[in-house]
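First to last, the sequence lines map onto chains A and B. All residue numbers for the first sequence refer to the working numbering, where the first residue is 45 and numbers rise by one. All residue numbers for the second sequence refer to the working numbering, where the first residue is 210 and numbers rise by one.
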Amino acid sequence: MKNIQYVLLGLLLTTLSCNDFLEENPRSQLTREQFYNNEPDFRVALTSTYRPLQLMYNNDIGMLTSVDTDEATVGNFPGGEGDDFQDHVYGPGSNTLNNWWVRNYNGINQANAIITQADQVNLPSDDQELVDRYATEAKFLRALYYFNLVLAFGDVPLNLEPTTSLNGLLLNRTDQATVYVQIEQDLQDAEAALPVSYENDEIGRVTSGAASAILAKVYLHQNKFQEARDKAQEVINSGEYGLFEDYLDVLSVAAKNGIEHIFSVQYARGLTESSMGRLYGFLTRSAPLEEEVPAEVRGQSAWAAEQGFFDAFPEGYRKEVSLVPRVVTGADTLPLDANFPHTRKYFDATKIDADGDNNANNYNIIRYADILLIFAEAENEISGPTAAAYDAINQIRRRAQQQDISTPDPTIDLAGLSADEFRDAVIEERRWELAYEGHRRWDLVRTGKYLAAVPSATARNVLFPIPQREIDLNSSLRQNDGY
Amino acid sequence: MLEKTITGQVTDLSTGESLPGVNILVQGTATGTVTDIEGNYRLTVPDDALTLVFSSIGYTREEVTINGRSTINVTLAPDIQSLSEVVVIGYGEQKREDLSGSVASLSAKTIQETPNVSFEQALQGRVAGVQITSASNAPGGGISMRIRGGNSISASNEPLYVVDGVQINANNAQSSPGTSAARDFNSNDPPGNALSNINPNDIASIEILKDASSTAIYGSRGANGVVIITTKQGQAGQSSVSYETFVAFQEAATRLDLLDRDEYTQHYNNILAGRGRDEEIPAGFLDQVANTDWQDEVFRTAIMQNHQLGFSGGNEKLFYNAALNYFDQDGVVVGTGFERYTARLNLDGQINERISFGNNFSFTHSVREAGQVNGNGFRGGDIVFSALTTPPWVPVRDEEGFLVQSPREWADDSEFDLPRPLGRNDNPLLVAQEAINDITTNRVLGNIFVEAELAKGLKARASIGGDFTDARRSFYLPSTLRASGNEGLAVVSSVRDITWINTNTITYDRQINEDHNLSVLGGFEIQQNTNRRQLSESSNFFTDVFDDNALQAAEEFERPSSEFNDWSMASFFTRVNYILRGRYIFTATARTDGSSRFGADNRWGFFPSGAVAWRVSDEPFLAQSSAVSNLKVRTSYGLTGNTDIGAYRSLATYSPDASYIFGGDLVPGVGPDNIANPDLRWEKTAQFNVGLDLGLLNDRVGITVDYYTKTTEDLLLSRAIPASSGFSTSLQNIGSVENRGLELSLNAAIIRNNNFSWVLDGNVTFNRNEVLDLGDDTELTFPTRTGRVNDAQTVILRPGEPIGSFFGYVFDGIWQSQEEIDASEVNYGNPRVGSVRLADTNNDGQLNADDKTIIGNAVPDFLYGINNNFTFGNFDLSIFLQGSQGNEIMNFNNGELIYMGLGGRENKQVEVLNTFLPGREGNSTTQVPQVGTGQNGPLDTRFIEDGSYLRIRNVLIGYNLPLQNVSWISSLRVYASAQNLYTFTNYSGFDPEVNVGGQNNVIRGVDFVGLPNVRSYTLGLNVRF
C-alpha cells in the first residue's frame, strides 16, 4: 500500500515538474509581457507602425487614385486588377481594396497599442518624454490611416483600443462624421506636441507641420472651409516649407525630403524600394541614358497615362517633367508596343543600368504645393477669389513654367474669374500639379465631379466596396450601396 | 515394438538448398526433432502416427502423411505471407499472425532493390496506402510521404519516423540552412531531404503503421502514420564480413520539345507579323550562328555509386554489426550532386542472465550540391530555366572557346543583327561551373538502452536516444553571373537541430494455461528539441576569389539573422494485448501527451485506441482447410493527435520583421504577430479501420483488404478574422478534414516448382480526401510560385472538395475578330483581337475575380504498384510497375514556355508556333494568343494537365552464385537493374510525380521549373565472407 503511495507521489511530482518542462520560452520573439516596457520597445514598435505606409504607397494607391480616374489607364502589361479599376468592374472581391483595408487597420492597431501603452507605462522623465513623442507620432499615423479608410469606404469601424483577445471583433461601421472627429483630435494633438523638424537621422518622421497640413486637408474634405483656410495659412506662415524652383525636384531622388516635402513615405536604394517607377512605365536598368531616344525612355508599363489626360495637359516645363509621349524597351528591331504616353514622375535618374526593377523615389503624401492649392480653394469658398487666393494659385502656375514664383506674369497668371470659375480652375490646377500623387480620385469625389470626369464609372463607384472578406467575417458590416 | 524410424532431408523448394533447423513434429504429440546442418533428420515415431508437420521460420508449414514410408524427403516453400514473421510495432514486437492493426512490412531486400540515396524512394508503390512525391529530382532532393491521405492543413502531414526507437526529425525545412534573403534574388531552394542522411544499406526492415490501433501508442505524433526503421543488428555466434557495391549510370528521362533554329525563325517572324511589322528574318539567316540544344548541354549522363563494408560478429556476451558506407551521386543536371559517408556501430550485449544492453549509433557526413535548380534564382540563375529559355542560336562557347557569359551581351556584340535574348539569363553551364550552393551536414543518430528481466515475464527497459544535425550552407554567385546582379552574392547559413528522447518501459508477458495469453506494456517518455539557425549575407564583392569565405570583403551587407526554437513533450502510455485461445485477439492502447506547443489550458491530450481481431482460420471448421489457410478479420478504432504546428503559436508574440527608413537608413521595427490563444489545442484524428487478411491454397495466395475512415477535427487553421482588428488571421482549432479509403494488396506464388517460381505482388489504394469544414470561412486560398501567371492565389480549400484543389479561370478561346468582341454581351474589359478570353462562369455579365472556380486537383483516383518476381535456378528477375491515376498537375512552365511572355526573345516550346495570327488556319482552335503582345494573365484551365502515369519503376536481374563448394565465401550475388525505364503518361512536363510544394500540405501537384525524372542503369555486387 505504502509503495503505491510512493509511486503515485512520484508520478505526481513528475507531472508537476513536467509542467515546468513544458513551459514555452521563446527566444527569437518577444511575448506580451516582454514588450512595451521601455523606450527602445516603443521606438521599434513605432517604426513598425510606419511600415504599412511603404506597403500601401508602393502599388495600391496608384490603382485606387490614378488608374481608377482619368489620369492613368492600363498599359502594356494588363492583368491583375488594373483592368478592373480602369473599367470600374471591381467588386468586393478585389485584392487591392482588401489590401487597402487590411494595411490601414494593421497600422491603426499598432498605433492603438502604442498610444494606450504609453499612457500606462512609467519611465524616467527623459525616456517618458521620448515615449510620449512616439505616442504622438502614432496618433498622426492613426489619423492618416483612418483618413485613408474614410476616403475609400465611407463609414468604417472606429477602434481605438489595441486588439488583445478574440472577443469584440465584430464592430459596426461608424458614421464618417464621428470618425472625422477622432481624426481631427489626433491631428490636433500631433501638431501641438510634435517637433517642427528633425535631425538627419530621424528624417522621415512626422513633424508638427505635417500634422497641420493633413489637418487642413481633412477640413477641406469636410467642406469646413474656414478651418481649412486658416490651417493652410498656418502652414504657409510657419516658414518651414516652400516651393522648389525646379519642378523636377518634386519627385526626384536627389531632392528627397526637401523644402517642399511636408510628409513623404520613405523608400531607399538597396533597402526598401518603391515599385511606382516600374509600374508607371520605367525600368531604368535597361540601358544607359546615353542611348535614350529623346523624350522616349525605356520601360515596362503596367499603367500608362490616359491619352485624354496627356492631350489636355497644358504645355510647358511641368508637362515635360510629368509625361512622355512614348516608351520603348529593347532594340529598335523589336520595340515593346508602348506607343502611348506615360508619366515620367517616378523615373529615378540616379539609377542608371543598376540592378533590379524598383526605385528610390519617396511617395509624397503631402507637399507645399498642395497646401497652397488648399488655401486657394478654401479662400475662394469663403470670400471668393481674393488676391491671396490668386497669389497662391499663380505661384504654382509660374513655377510650372519655370518662372519666378513671386513675379506676376499675365501670360501665366489667372485673373478676373468668378468664384465658380476659380473653383474649377483650382481643381484643374490640382489635376496637373498633383498628377499621379494619390489625390485625383479624392478631389473628384469631394467636388462631385467624379462621374462626369470618369465615363465608365457608375453611381456606386463613388465609394469603394467594403472587401467581401470583411463582410463575410463581420455580420455587423453593411456593404456600400450598389455592390 | 510399436515404433518406427523415419529419416529424410528437408530442402528449400526454390533454391534446392538443404534447410537446417527445421522443426518436425508428429502431429498431435510432442514428439519431434530438428534437422541438422545438412537438412537431415531422424525421428522415431509410434506406429500409429499419421502425419508429420514440418515448420521453419520463413517457410510455409508442410503436413505430410506418413503412409508407411520410412524415408520422407520434404521441400519447404518460402513463406511469402510471412505469417510467423515477427513484426516491429510501437515499443515492441508482435508476430504478424497476432496483429490486430494494419501494419505493412518491407524487408531490406526490397529496399535495396531500388538503389537510391534514401529509402523512401524504395517505398513508392510497394505499400498500399502510401503515396510519395518528390519536391525535387535532384540528388538529396526533398520527399513528401502521405499515409492514407493528408489530415491537416496547418500542421505537418508527414508521418512520424522512428529509427531504432528514436523519434527523429524528418521535417526538411527544419534541418535545412536558410538561403538568400536579398530582395533581387528569387530564392526557392526547396529544402533537401532530411532522411537522405540515413544510409538505406543499414536498414534491416521498415514497418509502416497505418491504423489507429497501431499508431495510437504514439499519441500526439501518430496521426499521420508511423514509419519504423530497424537497422541491422548483429547475431551472436555468426560473424561475417560483407561488401556491397553498385554503380549506376543515370540520365534525364524526358526532354521538352523546344524550338530549334528554324522553328525559332518562324516564331520570330510570327511575332513581327503580330506587331504589324513588315520585316522578316529570312529563313536560314540564323544558320550563321550556332545551333545549340541547351537541354543536351545541361543534362548529362551521371554516375551514382555506393560502397558498403559491413562487419558483424561476436558471441553471446557481446555481438555487433558495424558498417562503413560511401555514396556518391552526380545529378543528371549539371551542377548538382550528393556525396555521403556513413559509419554505424550497433552493439548488443548480455551483462548477465537477466540484464542486457545495447546501442545503435550512426554518424553521417554529407555534402549536397544543390545547384541552381527548382526555380532557385529563377529568371536568370536557374540552370534548367535558362536552358529552356535561351534561344537555340546562342552558342555555348564563343570563338575563343570560353563559355559565353550572358546570351544578351553575346548577341549585342555579335556582328549579326540578332534578336536580343532575355537579359537576365546566364549561360547555364557557366552557372553550373561557377555558382556554389553546397549544404554540408553532419548527423549523429543513436541510442543506448538497458533491459533487465525483473521476474518471469516481467522486463524493464530504459533507453536514451538522440538525433543531432548540424548543417551549413555555402552559397556564392560570382560577379560573372547576372543572377548576382553582376556583383557577387554570398550567403553563409547554418542550422543546428538537437532532439533527445528518453523512453522507459515495463512489459509483462504471460501465458496463462493454454487459452490465455496476456501482454501488458507501460511506459513513460520525455522528449525535447532545440533548433538554432543563423544566416549572414553580403553582396557586391570586388573579386570572386573568396567565394563565400570572406563575407566581410563585400560592399553591401544584408541584415544578419538568427533564430531559436524549441519544444518539449512528456508522455505516459500503455498497451494491453490479450489473446484468447490463440485466435481471439483484443488490443487496447492509451497514451497521454503533454506538449509545450499548446496553450496553457490544453497541455495534455489523451489518445486511446481499441482493436479486435479474430483468426477465423484457427477455428475448428477451418483449421484443417488448406484452401483457406489463413483468414483473419480485424477492426480497430482510436484517436491520435498532431502536435507539429511550430512553436509558440498560442502566445502573443512580437517579431522584428517590420522595418522603415529614417534618415535614409533601414531602421528595425518590431510588430505584433498575432493575438494570444490560450485555448489552442491538439488536432484530433479519429480513425476507424476494418480489415481482412486472407490466405488461400496453403498460403500460396495472400490477400489483404483494409477499409478505413479518418476524420480529423479541431484542425489548426489560421482563421480569418475581421481585419479591422489589425490582424488578418488568428490560429484557432476549427475545421475538419476526412479521408476515406480502401487498400487492397495481393501476394501470390503463381508458379512454384523446383526450378522456377513466379510471385506476383500488387497493391491498389483508393483514398478520398475531403475538407469538411473550415469554421466560419467558406474557403481559404493560398499562394504558390507562379512565374508569369499573375495571380498567386491558385490553391483553394473549400468544404466538399479535397485538399490541393486548383483555383482559376476557365479558358474560353482566343478572340478571333473585332466583331466577335463587339457582339459579346459580357463585360470583358477591353480585349484585343488575338488575346485570351476567359469564361464568365457565374454568368453575371462581368469577367472578374468572382469567375474563378475549381479547375482541378492533385488527388489521384487511385495508386497502384505491381511487382513480378521470377526465380529460375540461381537467377532472379523482378519487374516492378508503379502508377497513379487521376491526379492533375498545375503546370506553370506552360506560362513560361507557351502561353505567356510572347515578346519574342526567349526560346519556347513548339506549341507556340500554333499562335493566333490574322488569317491563319487553326486560329479558332488554338490556345496560344497572338505572339508579340507580351501579355501575362491569371491561372486558367490551359495550365491544368492530367498527371496520371504508369512507370516501369524497376527491372532487376540477379544471380546468386552457387557456392556450396567454396568455404570462404558464404554468398555472392551480382545484379543488373534499370530504374524508371519508361513512363507512360500524357503529362507534357518533365515528371508527373513532381510537386515543388515539397512537404507543404495544401500545395500539391504543382510543377514550376521542376527537374526531369531520372532513368538509371545499375550494376551491383554483394558478397559476404
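Cβ atoms here follow ideal geometry from the backbone N, Cα and C, with glycine treated the same way.
- For a Cβ distance threshold of 9 Å, residue set D516 and L517 of chain A lies close to D985 of chain B, ordered along the chain.
- Of the other Cβ atoms in all chains shown, 16 or more fall within 10 Å of the Cβ of W776 of chain B; this residue is therefore buried.
- The residue from A:M320, A:Q130, A:N69 and A:S366 with its alpha-carbon nearest to that of N1039 of chain B is A:Q130.
- DSSP assignment within the stretch 475-537 of chain B yields the following whole alpha helix (DSSP H) runs of 4 residues or more, N-terminal first: 503-507.
- At a C-beta separation below 9 Å, P70 of chain A has these neighbours in chain B: F773, N774, D775, A856, Y857, L860 and T862.
- Around the CB of F830 of chain B, fewer than 16 other CB atoms lie within 10 Å, so the residue is classed as exposed.
- Contact check for W891 of chain B against G814 of chain B passes: the beta carbons are separated by less than 8 Å.
- Sequence-ordered contacts of the stretch 1033-1065 of chain B with chain A read N1036, G1038, N1039, Q1055, L1056, N1057, A1058 and D1059 [C-beta pairs closer than 8 Å].
- Contact annotation: in the stretch 865-876 of chain B, residues whose CB is within less than 9 Å of a CB in chain A are P865, D866, A867, S868, Y869, I870, F871, G872, G873, D874, L875 and V876.
- Near chain A, meaning a CB-to-CB distance below 8 Å, no residue of the stretch 362-386 of chain B qualifies.
- From the beta-carbon of I1030 of chain B, no residue of chain A is found nearer than 9 Å; the closest lies around 14 Å away.
- With its beta carbon less than 8 Å from one in chain A, E765 of chain B belongs to the interface.
- Among the CB atoms of chain A, none fall inside 8 Å of the CB of P829 of chain B.
- Bounds of the beta strand (DSSP E) holding T1003 of chain B are Q1002 to L1006.
- In this structure, A:W486 is the residue among A:N301, A:N402, A:W486 and A:Y242 with its C-alpha nearest to the C-alpha of Q266 of chain A.
- Residue range V837 to N851 is occupied by the beta strand (DSSP E) that includes K841 of chain B.
- I715 of chain B is outside the set of residues whose beta carbon lies under 8 Å from a beta carbon in chain A.
- Taking CB atoms only, F936 of chain B has a neighbour in chain A less than 8 Å away.
- If you check each beta-carbon in the stretch 805-823 of chain B against every beta-carbon of chain A, the ones closer than 8 Å belong to S805, R806 and R812.
- For V175 of chain A, no CB of chain B lies under 8 Å from its own CB, so it is not counted at the interface with that chain.
- Taking C-beta atoms as the reference points, S429 of chain B and T1003 of chain B fail to come closer than 8 Å.
- Every unbroken stretch of the beta strand (DSSP E) spanning 3 or more residues and falling wholly within the stretch 587-671 of chain B is given here in chain order: 645-664.
- Annotated three-state conformation of S227 of chain B is strand, per DSSP.
- T140 of chain A is outside the set of residues whose beta carbon lies under 8 Å from a beta carbon in chain B.
- With a cutoff of 8 Å on beta-carbon distance, T1062 of chain B and V1019 of chain B are scored as near each other.
- In the DSSP annotation of this structure, the continuous segment of the alpha helix (DSSP H) that includes D230 of chain A starts and ends at Q220 to A237.
- Y427 of chain B and K893 of chain B have their alpha carbons spaced roughly 13 Å apart.
- Here S252 of chain A is near P239 of chain A, since their CB atoms are less than 8 Å apart.
- The beta carbon of N1077 of chain B sits closer than 6 Å to those of L969 and I1088, all from its chain and outside the five residues before and after it, given in chain order.
- Against chain B, the CB of Y149 of chain A has a partner CB under 8 Å away; the residue lies at that interface.
- For V541 of chain B, there are no neighbours in chain A by C-beta distance under 8 Å, as the nearest C-beta there is about 32 Å away.
- DSSP lists B:A313 and B:V436 as the beta-bridge partner residues of I417 of chain B.
- Within its own chain, the residues whose Cβ lies closer than 8 Å to the Cβ of L259 of chain B, once the five positions on either side in sequence are excluded, are Q236, T274 and I275, listed in chain order.
- Residue pairing of N424 of chain A in beta bridges, as defined by DSSP: absent, with no partner found.
- The Cβ atoms of Y242 of chain A and Y480 of chain A do not sit closer than 8 Å to each other.
- Taking a Cβ-Cβ threshold of 7 Å, the residues of chain B close to I152 of chain A are G935, in chain order.
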